[in-house]
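Report on the structure given below.
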């Protein structure tokens, strides 16, 4: 009887041991998991877009929280927002949507709850991964400086150092070398009352004298409104940017209004600002590259320019003449349009000229009766613009 009891006890221990080790072997990698809620503004009744943005918001809130708890006090060079972006862009390997718990609407806000899980090991490695990516970036697009300023609802100046660092990181990941210069921010504040042209000239002087940058990404974030009650707030931020060349009068403007939501007024404003920079960073990188017209591509100067021809009296004949002249001048026409003011606008690219003035002079010679107004700084399309006029016509 005693032997039978001993055998049963031993057999039980063996079974428990086998179960323990089997469980350990089958257990998946350590993971973070929880229910996360996301919200997004429904714009122009576009529910599909709002649902996707709410989904991204839920995932971003989840990732922000997990990165915060997984990084020690020895913060790496890159700031928190850039680390979160890094994980979000690779979310398929880092974050998993187990299921959509529910969706609903609160007025013009779409809400979603997701059951999310994240790979703990990858989340903890994210800050190091992005630091290595920055260190490995080629910096082959040239050097730019960044200066982002902002005002709160009361119109008072805000300290946006974290957002400046964030935009710098975003641009570095797209291949730019980025320099930081406090004098640029000081110059913007000092000359705020001057006309815009004077402000830009002062900034060019700082760029040339105190940095190695060939262009400045200048941004301004103004909180337009932040309304709500309870745990439902919506904020609108006007984000305006200019890419200012250090070497000529080129200025490429870009702006947009961005809305976001949060459980507090402060959170809604913060998220709207971050969203504005996140959405703008790709376009700003393109504009910076276009503004830096002396960027070398395989040792060849590459110009992308808008040519506007005013005082057109015979659209067909003059349009044909301009097209032929551009072909002879080795300019490739990307597209052409007739503006509502009656001007012919050609979007062209060329590698045949060392500068915009050289291109302008060549076209004056090739097309009879042209005069030139020079390079226009207000090219909202994102490239430099040269304006011509047919002489002798009203």
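Residue numbers (the working numbering): 12 to 405. Glycine residues also receive a C-beta, built at the ideal position from the N, C-alpha and C atoms. Bear in mind that the values here come from a model prediction, so they are computed numbers and not experimental data.
The beta strand (DSSP E) enclosing residue i, as first and last residue numbers
i: residue 180; result: Run containing residue 180: none in the beta strand (DSSP E); it sits in the alpha helix (DSSP H), 172 to 184.
i: residue 54; result: Run containing residue 54: none; DSSP gives neither H nor E here.
i: residue 250; result: 243 to 256
i: residue 158; result: 154 to 162
i: residue 125; result: 120 to 130
i: residue 263; result: 262 to 273
Closest Cα partner of residue i within the set the options
i: residue 97; options: 171, 47, 163 and 185; result: 185
i: residue 109; options: 299, 45 and 91; result: 45
i: residue 357; options: 324, 369 and 397; result: 397
i: residue 233; options: 380, 160 and 364; result: 160
i: residue 62; options: 119, 78 and 73; result: 119
i: residue 342; options: 73, 71, 261 and 363; result: 363
i: residue 281; options: 174, 352 and 314; result: 174
Buried versus exposed, by CB contacts within 10 Å (16 or more), residue i
i: residue 402; result: exposed
i: residue 210; result: buried
i: residue 55; result: exposed
i: residue 179; result: buried
i: residue 105; result: buried
i: residue 379; result: exposed
i: residue 291; result: buried
i: residue 172; result: exposed
i: residue 57; result: exposed
i: residue 272; result: buried
i: residue 333; result: buried
i: residue 390; result: Here the model assigns residue 390 a pLDDT of 38, short of 50, so the residue's position is not dependable, and the following value carries that caveat. With 16 or more Cβ atoms within 10 Å of its Cβ, residue 390 is classed as buried.
i: residue 70; result: buried
CB-CB length for residue i against residue j, believed under 8 Å
i: residue 296; j: residue 182; result: 6 Å
i: residue 248; j: residue 277; result: Going by Cβ atoms, the distance from residue 248 to residue 277 rounds to 13 Å, so no, they are not a contact pair.
i: residue 257; j: residue 224; result: 6 Å
i: residue 352; j: residue 377; result: With a Cβ gap of about 24 Å, residue 352 and residue 377 do not count as contacting.
Limits of the alpha helix (DSSP H) - the one that residue i falls within
i: residue 98; result: 91 to 100
i: residue 330; result: 326 to 339
i: residue 368; result: 367 to 377
i: residue 217; result: 207 to 221
i: residue 194; result: 193 to 201
Contacting residues, own chain, Cβ-Cβ under 8 Å from residue i (five flanking each side not counted)
i: residue 205; result: 213
i: residue 203; result: 210
Cβ neighbours of residue i in the same chain (closer than 6 Å, five flanking residues each side left out)
i: residue 107; result: 128
i: residue 122; result: 50 and 115
i: residue 35; result: Low local confidence applies: a pLDDT of 37 at residue 35 is under 50, so the model's placement there is unreliable, and no value is given.
i: residue 196; result: 158
Chain-order list of residues whose beta-carbon lies under 7 Å from that of residue i (same chain, five-residue window excluded)
i: residue 354; result: 319, 320, 321 and 323
i: residue 198; result: 213, 214 and 217
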